[in-house]
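Note that our numbering has the sequence shown beginning at 15, numbered continuously upward. In what follows, a single structure is set out as structure tokens and then discussed.
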Amino acid sequence: MSRHHFRAGIDASDKMVAFDYHFITFSSNGETVSGAGFSPRHSAYCWAYQSFFDEVALAAGRDQLEFRMDLLSRSFGEPPLDLERTRNTLKLAAGFAI
């Protein structure tokens with residue numbers, strides 16, 4: 015069980031310009047407790063993030079894929095994400111030729 019709290023800011027051109035995320039879950043001795051193991055736990059985090067990005071795209075009146083492609087036009091933080099590989103994966107999943 016966990017709690018995810020997301021907030022985002024959208025500018026006048028419907029681009030996401032601010033993002034805040036707070037996550038709360040159980041721990042024991044400073045270590046995250048999860049009975050699901052590593053792979054399913056990461057999938058749950060991904061689901062929370064991507065669901066929120068869908069909501070931000072809809073609030074901005076933008077297509078969800080186009081919104082993500084815009085987010086993937088530049089890197090945010092470390093470690094750097096392989097932007098081209100991620101964009102190409104999304105295109106393949108959406109049925110577009112690369």
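Using N, Cα and C, we set each Cβ at its ideal position, and we do this for glycine too.
query                                                                                               : result
Among all the DSSP beta bridges, which residues are the ones paired with M30?                       : I24
Determine whether the beta carbon atoms of A58 and I24 lie at a separation below 8 Å.               : no
Quick check: the Cα distance between E98 and M83, rounded to an integer number of angstroms?        : 10 Å
Going straight from the alpha carbon of M30 to that of W61, what length do you get?                 : 19 Å
Helix, strand or coil for R88, going by three-state DSSP, please let me know.                       : coil
Which first and last residues belong to the alpha helix (DSSP H) in which L104 is found?            : 97-107
Candidates S41, Y35, L86: which alpha carbon is nearest F66's?                                      : Y35
Looking at C-alpha atoms only, which residue of V70, N43, G44, D28 is the closest neighbour of F20? : V70
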